[in-house]
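What follows is a short report on a single structure.
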Amino acid sequence: MFERFTEPARRVVELALDESDRLGHGYLGAEHVLAGIAAHGGGPAARVLREAGLDAPAVLAGLDQLVSQGVLPHPQHGAAGLLGSLGVDVAAVRRAAEENFGRPAVDEAARRVSRRPWWRGRGPGWTPLCGKALAAKQAFYLASVAADALGHASVGPEHLLLGVLGDAEAPARWTRRTHRVAAQLGLPRQPGPHPARVLLSAHGLTIVALREMMLAELRAAST
Amino acid sequence: MGEVDRDEVTTLAAATTGTDPQAGLAAVASLRALVDVLESLQVGNARASGWTWKMIAERLGVSKQAVHQKYGGRPPIRRGG
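The listed protein sequences correspond, in order, to chains A and B. Per the working numbering: the first sequence ends with 1375, consecutive numbering throughout. Per the working numbering: the second sequence ends with 154, consecutive numbering throughout.
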């Protein structure tokens, strides 16, 4: 999925993961990606956000407020913490497994086990070796769709912003697996209002307006 | 691991060995999922080294049909990286 991402876009994803860590979330959501774009600060996407009044501190404060409003979950005990309470060090287990079998094999095993179908004895949906659940997948997909529509070969932070806006406009439907993983991670059982949409409306912005600003910025850059 | 993290783990340990079912059950479910991944890796490795389903099943203490149903039909996970 990340093959098409430019170097800045990969950096944005790293910063988004940091933000998810800071909030104590076990998943990576579109709202974390938005914070990642703002924190990265470079390129047209961050410029558009700054013009709209969403610089990095504003987004962080906004997300903290969403947590206190209950739109975003409070910090949770991650799997690492829970297993630590049983005396199991997940990081050490992963290190040992990677030493023996190599990283790709461990990732593949975690993927296969988490998605094991019912006729093989249904898998758990998510395992502690899977890393953060990728709730922003739809946003990443829409980012690459936006890049295609603009005729761009690679996906940069500006496309990620368009992807986040697209996800906020029409959030991905929850599948049965999404419900299971949400329950496992201790998240709400039903999808709530999209956090990015709530954050934007708290700043008096609409999705359509911000998308127009982003597209205008890209048009201005290309001419 | 930082000071804060250690505190958190200690609190969680108290919660899990204590009476909080929420943390205790979640911890056990995580552990089971973790064991599942390790089993998958070991079975893949054993198959790649030419072990039969019967030999694998004996070591795992389950029937050969059980292990074949769970892991058969797909190429074993290869050692890589």
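Beta carbons: idealized from backbone N, C-alpha and C, even for Gly.
Review point. Excluding the five sequence neighbours on either side, which residues of its own chain have a C-beta within less than 8 Å of the C-beta of Gly-1195(A), listed in chain order?
Key: Here the question's residue 1195(A) lines up with position 43 in the first sequence. Taken in chain order, the residues that qualify are Pro-1160, Gly-1308, Pro-1309 and Glu-1310.
Check your understanding: When the distance is taken between beta carbons, is Asp-109(B) closer than 8 Å to Val-1240(A)?
Key -> Position 88 of the first sequence, counting from 1, holds the residue named residue 1240(A). Position 36 of the second sequence, counting from 1, holds the residue named residue 109(B). The Cβ-Cβ distance between Val-1240(A) and Asp-109(B) does not fall below 8 Å.
Exercise for review: Answer yes or no: do Ala-1295(A) and Gly-1315(A) have a C-beta to C-beta separation smaller than 8 Å?
Suggested key: Counting from 1 along the first sequence, the entry for residue 1295(A) is found at position 143. Counting from 1 along the first sequence, the entry for residue 1315(A) is found at position 163. Yes, the Cβ-Cβ distance between Ala-1295(A) and Gly-1315(A) is below 8 Å.
Point to revise | Close-in-space but distant-in-sequence residues of the same chain around Leu-1317(A) (CB under 7 Å, 5 per side omitted) | key: By 1-based counting over the first sequence, the position of residue 1317(A) is 165. Cβ contact annotation for Leu-1317(A) (same chain, cutoff 7 Å, sequence separation greater than five): Ile-1359, Leu-1362 and Arg-1363, in chain order.
Check your understanding: For Gln-1336(A) versus Trp-1278(A), is the C-beta distance shorter than 8 Å?
Key -> Here residue 1336(A) refers to the residue found at position 184 of the first sequence. Here residue 1278(A) refers to the residue found at position 126 of the first sequence. Yes, they are a contact pair.
Exercise for review: Report the residue from Arg-1246(A), Ala-1232(A), Arg-1341(A) and Ala-1182(A) whose alpha carbon sits nearest the alpha carbon of Pro-1323(A).
Suggested key: Reading the first sequence from its first residue, position 171 is the one you call residue 1323(A). It is Ala-1182(A).
Point to revise | Three-state secondary structure assigned by DSSP to Ala-1372(A) | key: Taking the first residue of the first sequence as 1, we reach residue 1372(A) at position 220. Residue state, collapsed to three classes: helix.
Practice item. Check the DSSP bridge columns for Val-1245(A) and list the partner residues they point to. Key: Position 93 of the first sequence, counted from the start, is the residue given in the question as residue 1245(A). Val-1245(A) is not bridged by DSSP to any residue.
Point to revise | Host alpha helix (DSSP H) of Trp-126(B) (start-end) | key: Here residue 126(B) refers to the residue found at position 53 of the second sequence. Counting along the chain, the alpha helix (DSSP H) containing Trp-126(B) begins and ends at 126 to 133.
Exercise for review: Give the residues of chain B in contact with His-1389(A), contact being defined as C-beta atoms less than 7 Å apart.
Suggested key: Absent from the model: residue 1389(A). The displayed extent of chain A is 1153 to 1375, so no value can be given.
Review point. With a Cβ-Cβ cutoff of 8 Å, do Ala-1204(A) and Leu-1313(A) count as a contact?
Key: In the first sequence, counting from the first residue as 1, residue 1204(A) sits at position 52. In the first sequence, counting from the first residue as 1, residue 1313(A) sits at position 161. Result no, Cβ atoms of Ala-1204(A) and Leu-1313(A) do not sit closer than 8 Å.
Exercise for review: Taking all protein chains shown into account, decide if Glu-1260(A) is buried (16 or more other Cβ within 10 angstroms of its Cβ) or exposed.
Suggested key: Numbered from 1 along the first sequence, position 108 holds the residue referred to as residue 1260(A). Here Glu-1260(A) is buried, its C-beta having at least 16 other C-beta atoms within 10 Å.
**Study point:** Alpha-carbon spacing of Gly-1176(A) relative to Pro-1343(A), whole angstroms
**Key:** The residue labelled residue 1176(A) in the question sits at position 24 within the first sequence. The residue labelled residue 1343(A) in the question sits at position 191 within the first sequence. Taking the straight line from one Cα to the other gives about 19 Å.
Review point. Is the segment 1249 to 1258 of chain A touching the segment 104 to 120 of chain B in the sense that three or more CB pairs, one from each, lie closer than 8 Å?
Key: A contact is defined here as three or more CB-CB pairs under 8 Å, and the segment 104 to 120 of chain B meets this definition with respect to the segment 1249 to 1258 of chain A.
Practice item. Check whether the Cβ atoms of Arg-1162(A) and Phe-1154(A) sit closer than 8 Å, and answer yes or no. Key: For the purposes of this step, residue 1162(A) is taken as residue 10 along the first sequence, with counting starting at 1. For the purposes of this step, residue 1154(A) is taken as residue 2 along the first sequence, with counting starting at 1. Taking 8 Å as the Cβ cut-off, Arg-1162(A) and Phe-1154(A) qualify as a contacting pair.
Review point. Going along the chain, which residues of its own chain have a beta-carbon closer than 7 Å to the beta-carbon of Thr-1158(A), five neighbours each way excluded?
Key: Here residue 1158(A) refers to the residue found at position 6 when the first sequence is read from its first residue. By the criterion of a C-beta distance shorter than 7 Å, Thr-1158(A) is surrounded in its chain by Ser-1306, Val-1307 and Gly-1308, once the five residues flanking it on both sides are discounted.
Review point. For Phe-1154(A), does the three-state DSSP call read helix, strand or coil?
Key: Taking the first sequence and counting its residues from 1, the one referred to as residue 1154(A) is at position 2. If DSSP states are grouped into helix, strand and coil, Phe-1154(A) belongs with coil.
Review point. What in chain A is Cβ-close to Val-110(B), meaning under 7 Å?
Key: To locate residue 110(B), count along the second sequence from 1; it is residue 37. Within chain A, the C-beta atoms nearer than 7 Å to that of Val-110(B) come from Ala-1261, Ala-1262, Val-1265, Thr-1279 and Leu-1281, in chain order.
Practice item. Taking only beta-carbon positions, decide if Ile-150(B) is within less than 8 Å of chain A. Key: Locating residue 150(B) in the second sequence gives position 77, counting from the first residue. So yes, Ile-150(B) belongs to the interface.
Point to revise | Residue nearest to Ser-1211(A) in terms of C-alpha spacing, selected from Leu-1235(A), Ala-1248(A), Ala-1320(A) and Ile-1189(A) | key: Numbered from its first residue, the first sequence carries residue 1211(A) at position 59. The question names Ser, but residue 1211(A) in the sequence shown is Val. Checked all of Leu-1235(A), Ala-1248(A), Ala-1320(A) and Ile-1189(A); the closest Cα to Val-1211(A) is Ile-1189(A).
Practice item. Select from the segment 1335 to 1352 of chain A all residues with a C-beta closer than 8 Å to any C-beta belonging to chain B, and list them in chain order. Key: Gln-1336 and Gly-1338
Point to revise | Outcome for Leu-107(B) when other beta-carbon atoms lying within 10 angstroms are tallied against a minimum of 16 | key: Within the second sequence, the letter at position 34 stands for residue 107(B). It counts as buried.
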